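**Student:**
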Amino acid sequence: MADKFFSFNSFGGSDCTITMSVPVYNINTKVTENKSVTIGNVAAIQGVIRVEGTPRYVMGEADPQGFSSGKRLISGSLVLETLNRSFIVELRDILKEGNYTLTKNYFVNDEVPDSDNGTFGITDKDLIYADQLPEFDIVIMLTKKGDANKKVKRTLTGCKFASESSGIGLSTLDIQEQLTFMARDITAMTEA
Numbered sequence: 077m078a079d080k081f082f083s084f085n086s087f088g089g090s091d092c093t094i095t096m097s098v099p100v101y102n103i104n105t106k107v108t109e110n111k112s113v114t115i116g117n118v119a120a121i122q123g124v125i126r127v128e129g130t131p132r133y134v135m136g137e138a139d140p141q142g143f144s145s146g147k148r149l150i151s152g153s154l155v156l157e158t159l160n161r162s163f164i165v166e167l168r169d170i171l172k173e174g175n176y177t178l179t180k181n182y183f184v185n186d187e188v189p190d191s192d193n194g195t196f197g198i199t200d201k202d203l204i205y206a207d208q209l210p211e212f213d214i215v216i217m218l219t220k221k222g223d224a225n226k227k228v229k230r231t232l233t234g235c236k237f238a239s240e241s242s243g244i245g246l247s248t249l250d251i252q253e254q255l256t257f258m259a260r261d262i263t264a265m266t267e268a
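By the numbering used here, the letter at position 27 of the sequence shown is numbered 103, and the numbering carries on one by one without gaps.
Have a look at this one:
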């Protein structure tokens, strides 16, 4: 039997690039497209897959004899270093530069349907909270420095922000924001 040689690559946080793909309506071309935005101030990102489990018991036995699986929830958190402006203000400014509006958002006051594409659009002035963003995808790409062919990738699809928090400590050097999200799907980390 021939010996097999395996090689492994390790990646660190500095090898990571995180992008968000947000559905936007381009005012100039009147076409809905996905706008990819690189998030450069990420301190940490976490994805959690949680399944409801119920123990099954039988008469005369104290220990469960098995478990039944229920619904699955994919959630996570995104911790950002706040530099000179909050995450939502930075995203709002990026969309404003490109002459885009966000689409398919049903949680903004005084929305008016866009007659051209039948979706609801919001302007940069209306975007105040992270939960107002439409569903988006997060792509985590790890690339080995010095060898661009060594890459791994993980994708979270159909993400929706559920909460946001931030705080300032008097003895800390940085200000962080934490955004929690839910997702429809998460892929395993695989070679890209």
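For every residue, glycine included, the Cβ atom is placed at its ideal position computed from N, Cα and C.
It should be emphasised that the depicted structure is a prediction, and the values quoted were computed from it without experimental measurement.
Can you give me the Cβ contacts of L255 inside the same chain, cut-off strictly under 6 Å, excluding the 5 residues immediately before and after it?
**Tutor:** Position 179 of the sequence shown holds residue 255. Excluding sequence neighbours, L255 sits near L154, A206, F237 and E240.
**Student:** Out of curiosity, what's the CA-to-CA distance linking M135 and Q141?
**Tutor:** Locating residue 135 in the sequence shown gives position 59, where the first residue counts as 1. Locating residue 141 in the sequence shown gives position 65, where the first residue counts as 1. Computed Cα separation, rounded: 10 Å.
**Student:** Is V19 buried or exposed, if buried means 16 or more other CB atoms sit within 10 Å of its CB?
**Tutor:** No information on residue 19 is available, as it lies outside the stretch 77 to 268 that the chain covers here.
**Student:** Taking 7 Å as the limit between beta carbons, can you name the residues of its chain near Q122, skipping five residues before and five after?
**Tutor:** In the sequence shown, the residue the question calls residue 122 occupies position 46. Excluding residues within five positions, the ones whose Cβ falls inside 7 Å are G152 and S153.
**Student:** Give the range of the alpha helix (DSSP H) segment to which V165 is assigned.
**Tutor:** Within the sequence shown, the letter at position 89 stands for residue 165. Segment F163 to E173, the alpha helix (DSSP H) holding V165.
**Student:** Note down the Cα distance separating K220 from F87, rounded to an integer number of angstroms.
**Tutor:** For the purposes of this step, residue 220 is identified with residue 144 of the sequence shown, where counting begins at 1. For the purposes of this step, residue 87 is identified with residue 11 of the sequence shown, where counting begins at 1. Their Cα atoms are separated by approximately 7 Å.
**Student:** Closest by CA to T233, which one among D223, K226, L246 and F257?
**Tutor:** The residue you call residue 233 lines up with position 157 of the sequence shown. Per the Cα distances, F257.
**Student:** When the distance is taken between beta carbons, is V124 closer than 8 Å to V113?
**Tutor:** In the sequence shown, counting from the first residue as 1, residue 113 sits at position 37. In the sequence shown, counting from the first residue as 1, residue 124 sits at position 48. No, they are not a contact pair.
**Student:** Where L246 and Q252 are concerned, what is the direct C-alpha to C-alpha distance, given to the nearest angstrom?
**Tutor:** For the purposes of this step, residue 246 is taken as residue 170 along the sequence shown, with counting starting at 1. For the purposes of this step, residue 252 is taken as residue 176 along the sequence shown, with counting starting at 1. About 13 Å.
**Student:** For R168, is the beta carbon positioned less than 7 Å from some heavy atom of the ligand SAM?
**Tutor:** For the structure depicted, the ligand SAM is absent and the ligand set is empty, with no information on it obtainable.
**Student:** Out of curiosity, what's the CA-to-CA distance linking I262 and I150?
**Tutor:** As a working note, residue 262 is residue 186 in the sequence shown. As a working note, residue 150 is residue 74 in the sequence shown. Taking the straight line from one Cα to the other gives about 7 Å.
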